[in-house]
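Here the structure is laid out as structure tokens; the discussion comes afterwards.
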């Protein structure tokens, strides 16, 4: 079953002689539980594609269907709520809220929804992330790897339809990078979490089940490397 | 506390500086609003209390009403208190004319508050058969009653109780105005003992002038046939007043001055106060909104990345609004009570400072108290809340509309400009690369600079207007009282000059340094000519003419100085004064009247009419005006002998006499007392005016207004200066990454200074180019407003304008350099990564 469908997606900037086609008519689908790596040179449109899929940046044309919901038919309010519940975003620079503790950062999507947190689920998640002893710390009291773990925890707390990771290891050393990737793989395998990851690292890309290569806003390669 | 509220509280704590700025804005705005309201309510209360103490507490008085009519008056449920005086009758004082003194029965209750009688000599009546008289009774030539004297009042009943200024009275019958003679019917003889003399009263059309107040009990008064009735209206307002007075159509009534001092009554005074208060409130609110809004914008811009992340996670626009409003409310509930308390404290001190001047202005000893009520506090709280709400909404709307993408991507939105931007060669020649970058920055980011520019222009206009106001107030102060004498005695009207010798004796009163009596024909005359001086600017081409003479001593001296004999002026002959003095810009200036003086003056009784009323021959022409004379501004003076005035007044026009004296040092008050006593003892007709007090009173009003305006504008300026610093330094802080990039590619300190120099210079230039014309406009508006009371030519304080232009440039440069220093010196990498915020 396709959890994500992208149809004729376009994102253009400027016009006439200054027109830039960041995404140029991209279409593809992703099955539930898939682990897709998106690779490509700088300026190929990887991050733009990721943000369009995540509902953060409206495309110029085309559709993005997540769990059969055309997300750009939703109003801004409903899109925000949809993002909260159905999309998990992980960034290169963690993007934690500096005034909230680790626990509050992870629970943030639920708290915004006024949802009660399942303590068992939360405790299990933080234990697996290895940050159960840092729950009352602020982000500036954590290492880069720990902050990224918090970011992953925040993206998984709602068990979203899809997790989007934009160069999650870009700001980490090799050990921390490896741990992060292992966490993502683990959540994909254990929880059947659908994950799309942007990476420049070939080794990380090879760990994915499917590779999408972008160049100049188009998909130039779509290869399933493992089932 | 939910997560949104938690975020709001923690953002306040993290952005301490900006939160403090917002808090200061709230406190200052609320303090100003509180001060404004307290001021207007306190002044109202003070004016009301002073008037009550002076004239009593009645709102409406009916001069002559029958007992039956009184009981059937409608809308009596609106009356809180009723004060009655019985109209016992009148004492006739002139057989030929309908002049009389009122004889009124008064009870102790009435004397307490509603009809305050101020004892000059003796005491108030306390028993049957006792009476007091007003000073006016004894000023009548046939009267000289003393305290303790037993008299028999020859009581008559008049057909009307109107004040008898002449033998006719105008009344309204069946809606028509009717003129009828006073008629009197003998009543009885009323023996009384005069136990006191009181100051003259003015309680409406009937109860003024000479009055006997005879002691009566309330019961006696209540059964009297004709009454004078005064009413205090319950919870007075315009509607209640109108409703009550609508029942008095067929009666004459007088609204007394007191009603103007109730905020609920729509009088000119209350409208003026309300308009003034609410106008100033709007200004305060606007300035408060600007400061608070800027504070919010800065606060929100500093956490743009956090807001973007929250947005990407799924925080809705409504939740962002709630977060911002929660922050605002938190600061509001801290700032508002502090602001109110500050307002109270400042007004308490200000009222203490103002009290002596206000007491002098209103001639009262009532103390000015701080007056407030719950409604006032509620209005202030609501106004402050509305200010805060407006201030916080706009920043939140702006930020909530922004896409979450820029913060997530850690870069600005992609904006591609079609046109390339070239800087003028002179910029790069004078200021190098730094200047070129500054130029392009300012041209590309106009929106960013616009906010700061508006605030800077506003502050400059405020400052310059303030300096213009102080200049105009200074001119006004110098203008007031220029050339005036200390005391004026209005010796009223006379048929002829026979009595003048008695008035001239007043000039011998001890304590007079110098003085004169001036006599004039009672009517106004006009003269038109084609021989007026070119510079003489008179409306309609006709000049007003004053035919005057002086007391014998002054006239003798003048004639001697002018080498004119009395014989030269016999008959209808006059000395023509070919110059008059007028006030301009605080100085006394002279204006010639004729280019070629005529040999005779044909006067018109009415301006513009050509019928000659009289012809006066010119015996001598004086080329210089009479600089000691009070009359003269825009008037042609013809000086004649007193006998000539009698000749010209022969047709019943009458004469008037005024005395002007200056007191010796420290003799003003004693001299006033002596003159009043002499007038009373000699049974002269004269009213003594303390011109020094009047001038001082006016000067007090001007200086008080000046002080209040300066205080108000200074507070506004303080708010604005905080805002300028906030905006400029926040603007610099937001460019930290930009500065870091410039430094990372090799921009040195010299180029940085050049860049900031150019930005400061163009900032200042724009501020000056917008600010000065606007300031000239606002100064002109202020000049026009002040000109309603005191005229002087429009001017602007050039030196202040120049200095403020220099000051603006220096201040901007200082803020830009100092504010950017920390930002420029910081760690490049941290700034590039935007991690310094964490």
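Residue numbers (our numbering), protein chains in the order written: chain A, 363 to 589; chain B, 293 to 1130. Backbone N, C-alpha and C fix where the C-beta goes; we use that ideal spot for every residue, glycine too.
Starting from residue 476/A, trace the beta strand (DSSP E) both ways and give me its first and last residue.
-> Residue 476/A -> no beta strand (DSSP E), and no H or E assigned at all.
Kindly say whether residue 458/A, judged by its beta-carbon, lies nearer than 9 Å to any beta-carbon of chain B.
-> With 9 Å as the cut-off, residue 458/A counts as an interface residue toward chain B.
Would you tell me roughly how many angstroms separate the C-alpha atoms of residue 420/A and residue 1013/B, rounded to the nearest one?
-> Here the C-alpha atom of residue 420/A lies approximately 42 Å from the C-alpha atom of residue 1013/B.
Under three-state DSSP, which class holds residue 722/B?
-> Helix, per DSSP.
Where DSSP assigns a beta bridge to residue 450/B, which residues make up the other side?
-> Bridge partners of residue 450/B according to DSSP: 476/B.
Residue 908/B beta carbon less than 9 Å from that of residue 866/B = Contact check for residue 866/B against residue 908/B passes: the beta carbons are separated by less than 9 Å.
Using 9 Å as the limit for Cβ to Cβ distance, is residue 507/A near chain B?
-> False, the Cβ-Cβ gap to chain B never drops below 9 Å.
Which residues of chain A have a Cβ atom closer than 7 Å to the Cβ of residue 302/B, listed in chain order?
-> The answer, in chain order, is 461.
Is it true that the CB of residue 345/B sits closer than 9 Å to the CB of residue 656/B?
-> In this structure, residue 345/B lies closer than 9 Å to residue 656/B by Cβ.
Name the chain A residues that come within less than 7 Å of residue 607/B, Cβ to Cβ?
-> 442, 474, listed in chain order.
Counting only runs that start and end within the region 832-871 of chain B, where is the alpha helix (DSSP H) found for 4 or more residues in a row?
-> Listed in chain order, the complete alpha helix (DSSP H) runs (minimum 4 residues) inside the region 832-871 of chain B are 844-854.
Would you identify the three-state DSSP class for residue 687/B, choosing helix, strand or coil?
-> Reduced to three states, the DSSP call for residue 687/B is helix.
Burial state of residue 793/B (16 or more Cβ within 10 Å) | Residue environment analysis places residue 793/B among the exposed positions, since fewer than 16 neighbouring C-beta atoms fall within 10 angstroms of its C-beta.
Does the region 407-416 of chain B come within contact of the region 487-495 of chain B, defined as at least 3 CB pairs closer than 8 Å?
-> Yes, since at least three Cβ pairs between the region 407-416 of chain B and the region 487-495 of chain B fall closer than 8 Å, the two stretches touch.
Can you tell which of 375/A, 428/A, 528/A has the C-alpha that lies nearest to the C-alpha of residue 369/A?
-> Nearest C-alpha to residue 369/A: 428/A.
Among 1109/B, 313/B, 862/B, 919/B, which has the Cα closest to the Cα of residue 869/B?
-> Ranking the options by Cα distance to residue 869/B, first place goes to 919/B.
Compare the Cα-Cα distances from residue 729/B to each of 672/B, 715/B, 1071/B and report the closest residue.
-> Among 672/B, 715/B, 1071/B, the Cα nearest to that of residue 729/B belongs to 715/B.
Boundaries of the alpha helix (DSSP H) in which residue 596/B is found, first to last residue = Its alpha helix (DSSP H) spans residues 596-605.
Chain B within 9 Å of residue 487/A, Cβ atoms only = It does not; no Cβ of chain B falls within 9 Å.
Beta-carbon proximity list for residue 405/B, same chain, < 8 Å, skipping 5 on both sides = Excluding sequence positions up to five before and after residue 405/B, its CB lies within less than 8 Å of the CB of 344, 348, 349, all in the same chain and listed in chain order.
Any idea if residue 750/B is buried or exposed, counting beta-carbon neighbours within 10 angstroms, 16 or more meaning buried?
-> With a 10 Å radius around the Cβ and a threshold of 16 neighbouring Cβ atoms, residue 750/B comes out buried.
Return the chain-ordered list of same chain residues with a C-beta closer than 7 Å to the C-beta of residue 760/B, the five sequence neighbours on each side being excluded.
-> Apart from the 5 residues on each side of it in sequence, residue 760/B sits with its Cβ closer than 7 Å to the Cβ of 1071, 1074, 1088, 1089 in its chain, given in chain order.
Return no unless some Cβ of chain A is closer than 9 Å to the Cβ of residue 312/B.
-> No, no contact with chain A.
Quick one: which chain B residues come within Cβ less than 9 Å of residue 439/A?
-> Within chain B, the residues placing a beta-carbon under 9 Å from that of residue 439/A are 608, 609, 610, ordered along the chain.
Measure from the C-beta of residue 466/A to each C-beta in chain B and report whether the shortest distance is under 9 Å.
-> Interface annotation, residue 466/A: in contact with chain B, CB-CB separation under 9 Å.
Residue 403/B vs residue 482/B beta-carbon contact at 9 Å = Pairing residue 403/B with residue 482/B gives a Cβ-Cβ distance that is not under 9 Å.
Is the region 810-821 of chain B close to the region 966-973 of chain B, with three or more CB pairs under 8 Å?
-> Between the region 810-821 of chain B and the region 966-973 of chain B, the count of C-beta pairs closer than 8 Å stays below three; the two stretches do not touch.
Around the Cβ of residue 754/B, are there at least 16 other Cβ atoms within 10 angstroms (buried) or fewer (exposed)?
-> With 16 or more other Cβ atoms within 10 Å, it is buried.
Between the CA atoms of residue 1056/B and residue 776/B - distance to the nearest angstrom = The straight-line gap from Cα to Cα measures roughly 47 Å.
Below 9 Å between beta carbons: does that hold for residue 927/B and residue 864/B?
-> It is not a contact, given that the beta carbons lie outside the stated cut-off.
List the DSSP bridge partners of residue 980/B.
-> Paired residues: 781/B.
With a floor of 3 residues, list each beta strand (DSSP E) that falls wholly inside the region 347-405 of chain B, ordered by position along the chain.
-> You should have 352-358, 371-386, 391-398.
Would you be able to state if there are at least three C-beta pairs under 8 Å between the region 307-325 of chain B and the region 624-640 of chain B?
-> Contact check between the region 624-640 of chain B and the region 307-325 of chain B: three or more CB pairs, one atom from each, fall below 8 Å, which counts as touching.
Find out if the Cβ-Cβ distance for the pair residue 336/B, residue 562/B is shorter than 9 Å.
-> Here residue 336/B is near residue 562/B, since their CB atoms are less than 9 Å apart.
Per-residue contacts from residue 306/B into chain A (C-beta, under 8 Å) | For residue 306/B, the C-beta contacts it makes with chain A under 8 Å involve 460, 461, in order along the chain.
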